Amino acid sequence: MRYGLLVLSLAGMLAIAGPAFAQKQEAAEKGMKVFADQKCSMCHSVAGKGNPKGPLEDGVAKLSAEEIRQWLVNPQEMREKTGADRKPAMKSFATVPKSDLDSLVAYLVSLKKK
4 MRYGLLVLSL AGMLAIAGPA FAQKQEAAEK GMKVFADQKC SMCHSVAGKG
54 NPKGPLEDGV AKLSAEEIRQ WLVNPQEMRE KTGADRKPAM KSFATVPKSD
104 LDSLVAYLVS LKKK
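Going by the numbering used here, the first residue of the sequence shown is number 4, and it counts up by one from there.
Have a look at this one:
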């Protein structure tokens, strides 16, 4: 009886987690397109592609999703907060549509080394 209950519990968790994972994956894939459309690779690189002076895997490793979002919409404030001095200074992406910004954040979060 316990084994059956365990199997049902696991099946229920997978039924819930499956769609959530798919949504995160879809958002990250859209974010990859936003990354390309916004020409982020002029200053940053992902998997060795783009500007090697700004590898994002390292840059996002210790940041929360909210901190990544703040770097995108308030880069000057984040530069001051963190003491970052890379030139040229990052431009703000505050005017990017919210859905695109959410996708870009999802993509950058997906770059974190597991």
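Glycine included, C-beta positions come from ideal geometry on N, C-alpha and C.
In this text the structure is predicted, and so the values were computed from the model without any measurement.
(Q) For a test of the three-state rule: what should DSSP assign to Ser-106, helix, strand or coil? (A) Residue mapping note: residue 106 aligns to position 103 of the sequence shown, counting from 1. Here Ser-106 sits in helix by DSSP.
Q. In or out: Ser-106 buried (at least 16 other Cβ within 10 Å) or exposed?
A. Taking the sequence shown and counting its residues from 1, one reaches residue 106 at position 103. Classification for Ser-106: buried.
**Q.** Three-pair Cβ contact test at 8 angstroms for the region 106 to 116 versus the region 32 to 50
**A.** yes
Q | Ala-30, buried or exposed, once every other Cβ within 10 Å from all chains shown has been counted against 16 | A | Mapped onto the sequence shown, residue 30 falls at position 27. Its Cβ being crowded by 16 or more others within 10 Å, Ala-30 is buried.
Q: Return the residue from the list Ala-92, Ala-97, Val-99, Lys-116 that minimises the CA-CA distance to Met-45.
A: Indexing the sequence shown from 1 puts residue 45 at position 42. Looking at the Cα atoms, Ala-92 is the closest of the given residues.
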